[in-house]
Amino acid sequence: MRFTTETSSNGVIERAFTLGDITGVLWSPASGSDRAPLVLMAHGGGQHKKAPGILGRAHRFVTDCGFHVAAIDAPGHGDRPRTAADDRHIAALRQAQAAGEPLGPVVVGIHIDLAARAVPEWRATLDALQELPEIGAEGPVGFWGIMQGTGIGVPLAAAEPRITAAVFGCLGHESLTEEAARITVPVEFLLQWDDEHIDRQSALALFDAFASKEKTLHANAGGHAEMPRFEVDSATRFFARHLGRAGTSPA
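Following the working numbering, the residues of the sequence shown are numbered contiguously, the last one being 253.
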């Protein structure tokens with residue numbers, strides 16, 4: 003892992019990094035808290051590691067809880083070049099949108115392809131992050147990712163025992179249910195009740211598939227991009243409870 007830039011603002015240190023072909027960013031408390039919990043964040047489709055929703059939540063997790071937070075660009079997103087497969091996925095998605103066709107079948111294919119590439123990248127990133135003295139290998143790790151972040155995050159959490167709590171949502175397709183059934187850590191799942199892109203029953207089926215003894219469904223009125231801002235507060239409380247604040251143990 004090689005850090006390329008460092009800035010500081012409002013109590014948060016932001017460091018951009020590269021790890022091979024992976025481009026990412028790590029946010030940390032300016033106070034220099036040692037051995038603080040780590041939250042991994044995955045952006046939505048067509049976005050990048052510093053999309054507004056990622057950036058805002060990352061700063062909340064750092065300033066309110068003293069966590070470290072890391073995000074990386076998904077394959078073909080942000081600062082990473084697109085492959086021919088990425089271009090085909092984008093073309094298929096735009097064609098379905100123009101024709102007014104359901105986006106679900108196209109999105110499923112995109113997420114399966116992205117997860118196959120992104121899960122190994124996330125695991126390598128976590129390896130490198132835990133080698134940093136301010137994070138270490140023993141602390142708890144959380145994951146936050148909705149929409150495309152869930153398409154990548156569910157396979158990641160199913161494969162990665164170091165993740166101890168996760169926030170998913172705004173997605174549902176059958177290809178994820180088998181992996182969801184292997185997830186037993188606490189889960190908070192977000193659902194937009196009037197989502198114009200995600201079938202409500204498929205999202206409910208995905209929530210039902212998680213094997214977690216503690217899982218909570220947050221269903222809010224509104225469309226796909228109308229997630230209430232108070233869900234940021236909820237995620238902050240969720241991670242504080244299950245990861246512990248810096249210098250404390252999880253409750």
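The C-beta atom is built at its ideal place from N, Cα and C for all residues, glycine as well.
Near residue i, which residues of its chain fall below 6 Å by C-beta distance, leaving aside the five closest residues on each side in sequence?
| i | result |
| --- | --- |
| E190 | V169, T218, F240 |
| W124 | L158 |
| F69 | A38, P39, V41, F63 |
| T186 | A213, S214 |
In terms of DSSP beta bridges, what is residue i paired with?
| i | result |
| --- | --- |
| L193 | A221 |
| G80 | Partner(s): none; G80 has no beta bridge. |
| V71 | W29, V41 |
| E8 | R17 |
| G171 | L192 |
Could you compute how far the alpha carbon of residue i sits from the alpha carbon of residue j?
| i | j | result |
| --- | --- | --- |
| A223 | D196 | 6 Å |
| A101 | W146 | 32 Å |
| F209 | I92 | 27 Å |
| L178 | I200 | 14 Å |
| A139 | E228 | 37 Å |
| Q97 | S33 | 49 Å |
| H226 | E233 | 14 Å |
| E180 | Q132 | 28 Å |
| V110 | P230 | 25 Å |
| E162 | C67 | 23 Å |
| L173 | P142 | 25 Å |
| D88 | A160 | 24 Å |
| F114 | S204 | The amino acid at residue 114 is misidentified as Phe; the sequence shows Ile. Taking the straight line from one Cα to the other gives about 16 Å. |
For residue i, which three-state DSSP category applies?
| i | result |
| --- | --- |
| I137 | coil |
| I148 | coil |
| L158 | helix |
| T186 | coil |
| E16 | strand |
| I24 | strand |
| I227 | First, the amino acid is wrong: residue 227 is Ala here, not Ile. Coil, per DSSP. |
| I112 | helix |
Please find out if some non-hydrogen atom of the ligand SAM comes closer than 7 Å to the beta-carbon of residue i.
| i | result |
| --- | --- |
| L128 | Among the components modelled here there is no ligand, and therefore nothing to report on the ligand SAM. |
Which same chain residues, not among the five before or five after residue i, have their C-beta less than 7 Å away from its C-beta?
| i | result |
| --- | --- |
| L21 | M3, A126, T127, A130 |
| T9 | E16 |
inquiry  = When you compare the region 78 to 93 with the region 47 to 54, are there three or more beta-carbon pairs, one atom per stretch, that lie closer than 8 Å?
reply    = The region 78 to 93, when compared against the region 47 to 54, does touch it at the 8 Å Cβ threshold.
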